[in-house]
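Please read the structure below before turning to the comments.
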Ligand code: TYD
């Protein structure tokens, strides 16, 4: 089973990815957690290029190709073999992030984005995608209190985030694999909603 988590920066995805993986492991599933961009030797090098604030001259096309290049490595080297081996793969971001950030956020035409997404992944779609939705003002709050240096992608400004969030909501309207979750709820409640969705909807169909 291939599960993806999507959301804006600071939406709490990584916490939920870990909680879900722990619970599935307790139930004797073999689980692999992955994070994009990265997850392979080549992918980690690409990740550094993408997030480095010194690379402020990066073109939108370069950014699109680099995210997609990292993903292509991850799918071929890690995801496909793991799925073929019967593992549950949970990915913190996948090609919907490219649609939302590079497509809706940067304004690259969606037909270009979709074609590249398909090509980079051999059209491997997730079985289920959890979108943790939080309002932009909450992201601003979390960014301020995190006090870490913003990476290149986090330095894009509020209007960019509005477009990205709208992109995810548009995707959720058209893709039946989507489960939108109100990310402002307490961590344990979010986990329960995710678990319920997974067990009630997906597992019985297996
Ligand atoms: P990361 O530190 O992994 O952030 P997060 O914990 O929020 O996932 O940085 C990844 C950044 O790259 C994040 O700002 C989202 C962005 N991104 C894209 O713009 N396009 C993509 O295809 C992917 C996978 C990520």
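In my numbering, the protein residues as written are 9 to 214.
All C-beta atoms in this analysis are idealised placements derived from N, C-alpha and C, irrespective of residue type, glycine included.
Query	Result
According to the neighbour-count rule (16 or more other Cβ atoms, all chains shown, within 10 Å of its Cβ), is residue 186 buried or exposed?	buried
Here's the rule I'm using: 16 or more other beta-carbon atoms within 10 Å means buried, otherwise exposed. How should residue 174 be labelled?	exposed
So, using beta-carbon positions, are residue 142 and residue 192 closer together than 7 Å?	yes
Give a yes or no on whether the C-beta atoms belonging to residue 147 and residue 18 are separated by under 7 Å.	yes
Let me know the alpha helix (DSSP H) ranges lying completely inside the segment 76-116, each 4 residues or longer, listed in chain order.	88-92
In terms of residues, what are the limits of the beta strand (DSSP E) holding residue 188?	186-190
Locate the beta strand (DSSP E) running through residue 41, then write down its first and last residues.	39-43
Quick check on DSSP: helix, strand or coil for residue 135?	coil
Establish whether the CB of residue 141 and some CB of chain B are separated by less than 7 Å.	This model lacks chain B altogether; it includes just one protein chain.
When every heavy atom of ligand 1 is checked, does at least one fall within less than 6 Å of the C-beta of residue 45?	yes
Is the number of C-beta pairs between the segment 78-96 and the segment 113-121 that are closer than 8 Å three or more?	no
What number of angstroms, rounded off, separates the C-alpha of residue 162 from the C-alpha of residue 54?	17 Å
Using the Cα positions of residue 27 and residue 135, report the straight-line distance between them to the nearest angstrom.	19 Å
Cβ-heavy atom distance between residue 101 and ligand 2 below 6 Å?	Summarising the ligand content, the structure contains ligand 1 and does not contain ligand 2.
Can you list, in chain order, the residues of its chain whose CB lies under 7 Å from that of residue 25, leaving out five sequence neighbours each side?	13, 41, 98, 100
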